[in-house]
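Everything in the sequence shown is counted per the numbering used here, starting at 136 for the first residue and increasing by one. Here is the structure we will look at.
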Amino acid sequence: MRLILVLALFIFGLALWGVTSVVPAVQAQVPSDRLTVVVFDRESIQTNQENLDLINSFLGLFFKLKEGQQFMFIQLDEPTTSLGPVKTDSREFDNVLSTLDEVLLATTTTPGAGMIGTLAEVFNLLGSLSAGAESDIYFVTASESATDAPDMISKLEPVLTLHAQAGWSVFTVALPGTNADFQRVLENISDRTDGESYLFDIPDGMRNFADRTLRLEGKGSLSEIGGDTLNPNSVLIMDLNIAPGTDQTNIMFFKDNEVTAFRLKNPDGFEASTGDRTSSSITELPNLVMWQLMDPVAGKWQIEIRGIRGQLSAWVFATNKYTLGIQKFGAVPVGQPTTITAFINDDGVRTTVEGAQLSVKVTAPDGLSIIHKLNDNGVDGDAVAQDSYYAVTIPPLSAEGEYIVDLELSWSGLEHTINTRGSFQAQSFPVLTVMTEQTELLLPGMRTKIGTVYVNINGQPFSVLIDDIGLEIATNAGEPGNIELVPQSIMTQGRAFMY
């Protein structure tokens, strides 16, 4: 009998690392027990009109960023009296805001409870309302009073510990002119409770607050459109690229003074809401203009601003119905080509987007990045043409470790992209080397050594269990016979690298 083929099949099990995808963020559902408590240092805010203008702008911006959520309002000097809770989209919200305007301007002779007493009252209030761990507190002040920072921080420690244990972060917002020592106290309060501290000035502070809040809320981030320091005779013209599939575009203008002329034209040259399918709304506040476009026409829009004195900064954040995904796969072997497969979802349904390009940037553990274009043409790793799965086969990977995958959807002529990030693990897998010995003229009933199997990783011996290796045999006699796998040089727990 002559042995035609010896095939060793390695079936050793290894842990797999899946690709993780990060899709463009959408507005998360708000838990019913989530509350945002805003505490105002009323006395410090009342000192000048600029502070009141900033507070109005702060509230308008904050309500937009946390649209649909529950708010409560408390004064530092009267922490036992509160307004709310009320949702920003409820019928009662406008009435609460009117009352809040009156309360902010009202004076009081009640002795203040101070920061310690107020934070203690807020803690008790949140506890009585069974507030969830995602609840947070925002303290807004413009206090110019000098403060013994180390002493105040020490006294605040017990109540801050309670808030931290409950998961209720304290965010602090300081208006321009706030005492520097008190700002250090505010920063410590936020640090101790896993919150953040902001200086709410124009335009940088407003932009930073908006961007960080968007990120914390999982709604994305701000992108800059442009800005300048203007005079009443200036005309500022800026372009805004809106990508196909955009559900909503929010444009924010942070400014020193009132704007006397503000125009927005769609790609066809029409004013917003005229001649297209867009519905829009404008919110104008002393230091903030917000323009919201619903279902806007894709293309290059134009913004024209006139009659402003001072600084102006324009920013945008948008939501898109298109999301990107990367098909999951296990750890990939070093030294072999790897195929990356991705897809585009339209409201959860896989789709093809005309005129768009899908590319992927693969970043190696050493930081080196290479960009590859994906295709749906049935070539270069794509299995089936026009099936809405995009793929590319990348060259063999040379190093072990985690590879970052940045997927990008873009359109020619539009400075807008949709992105998602994932990763995969590259590692060296065990390899079998089969050295055959006697494979011809085998005699029936006689035990014969036909070869040796070596297991290695990168040339180094690697011990495995006997059950991790499967064998198949084919002969010219039609009967496969019996084949044994005998371990040699057993290491530990019955494992060997040679059989």
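Even for Gly, the Cβ is constructed at its ideal location relative to N, Cα and C. From a predicted model like this one, the values you see are computed outputs, not experimental measurements.
Environment of residue i [buried if 16+ CB atoms lie within 10 Å]
i: E406; result: exposed
i: G330; result: buried
i: L151; result: Bear in mind that a pLDDT of 30 at L151, under 50, signals an unreliable position, so the model cannot answer this.
i: P220; result: buried
i: Q205; result: buried
i: G195; result: buried
i: K584; result: exposed
i: I146; result: Note on I146: pLDDT 35, under 50, position unreliable in the model; the coordinate value appears next. Exposed: under 16 other Cβ atoms inside 10 Å.
i: A345; result: buried
i: I372; result: exposed
i: T627; result: exposed
i: L459; result: buried
i: A518; result: exposed
Cα-Cα separation, residue i to residue j
i: R177; j: L211; result: 7 Å
i: T328; j: I272; result: 10 Å
i: T216; j: F193; result: 22 Å
i: E439; j: L297; result: 50 Å
i: F559; j: S533; result: 14 Å
i: A526; j: G353; result: 29 Å
i: V173; j: I461; result: 41 Å
i: T637; j: Q562; result: An answer regarding residue 637 cannot be provided, because it is not within the stretch 136 to 634 covered by the chain.
i: G445; j: D224; result: 34 Å
i: L549; j: P402; result: 12 Å
i: M341; j: F335; result: 6 Å
i: T587; j: L351; result: 59 Å
i: D511; j: T473; result: 17 Å
i: K222; j: N314; result: 33 Å
i: L232; j: M207; result: 11 Å
i: M287; j: L261; result: 23 Å
i: G616; j: Q471; result: 35 Å
i: Q230; j: D236; result: Note on residue identity: the sequence assigns Asn, not Gln, to residue 230. Cα to Cα, N230 sits roughly 10 Å from D236.
i: G580; j: E607; result: 19 Å
i: V165; j: G267; result: Low per-residue confidence applies at V165: pLDDT is 39, beneath 50, and the placement is therefore not dependable enough to give any value.
i: P214; j: N259; result: 11 Å
Spatially closest choice to residue i from the options, by CA coordinates
i: L567; options: P421, N259, F632, L189; result: F632
i: V432; options: S448, G404, W450, N422; result: G404
i: G362; options: S558, L459, I443, D326; result: I443
i: Y333; options: L351, D326, A309, F317; result: A309
i: E322; options: R342, T276, G353, S358; result: T276
i: S263; options: V370, A301, L240; result: A301
i: V540; options: G516, Y524, G502, L423; result: G502
i: E537; options: H551, I553, G557; result: G557
i: D391; options: F258, L399, A449; result: A449
i: R319; options: S280, L357, A299; result: S280
i: S414; options: P421, A378, L423, L399; result: L399
i: T348; options: N366, G267, F452; result: F452
i: I475; options: N376, I529, G434, L200; result: I529
Contact test: residue i Cβ vs the ligand MG heavy atom, cutoff 6 Å
i: E550; result: The model on display carries no ligand, and the ligand MG is accordingly not part of it.
Where residue i falls: helix, strand or coil (DSSP)
i: M626; result: coil
i: V621; result: coil
i: D236; result: helix
i: I585; result: coil
i: M633; result: strand
i: P596; result: strand
i: Q210; result: strand
i: I258; result: The sequence shown places Phe at residue 258, rather than the Ile named in the question. Correct three-state label for F258: helix.
i: F197; result: helix
i: L606; result: strand
i: I251; result: helix
i: V231; result: helix
i: E322; result: helix
i: N392; result: coil
i: L349; result: helix
i: L310; result: coil
i: P468; result: strand
i: V158; result: Because V158 sits at a pLDDT of 31, beneath the cut-off of 50, its placement in the model cannot be relied upon, and the following sentence gives the value as read from the coordinates. Correct three-state label for V158: coil.
i: Q184; result: helix
i: K290; result: helix
i: L297; result: helix
i: A526; result: strand
i: N191; result: helix
i: S263; result: helix
i: I601; result: helix
i: R177; result: helix
i: R327; result: helix
Three or more C-beta pairs under 8 Å: does that hold for the region 427 to 444 against the region 379 to 397?
yes
Count the CB pairs spanning the region 271 to 286 and the region 167 to 174 that are closer than 8 Å, and state whether there are at least three.
yes
Report yes or no: do the region 279 to 297 and the region 247 to 260 share at least 3 C-beta pairs separated by less than 8 Å?
yes
Count the CB pairs spanning the region 540 to 547 and the region 490 to 503 that are closer than 8 Å, and state whether there are at least three.
yes
Do the region 477 to 485 and the region 499 to 507 meet, that is, are 3 or more Cβ pairs less than 8 Å apart?
no
Please confirm if the region 516 to 524 is in contact with the region 572 to 581, defined as three or more CB-CB distances below 8 Å between the two stretches.
no
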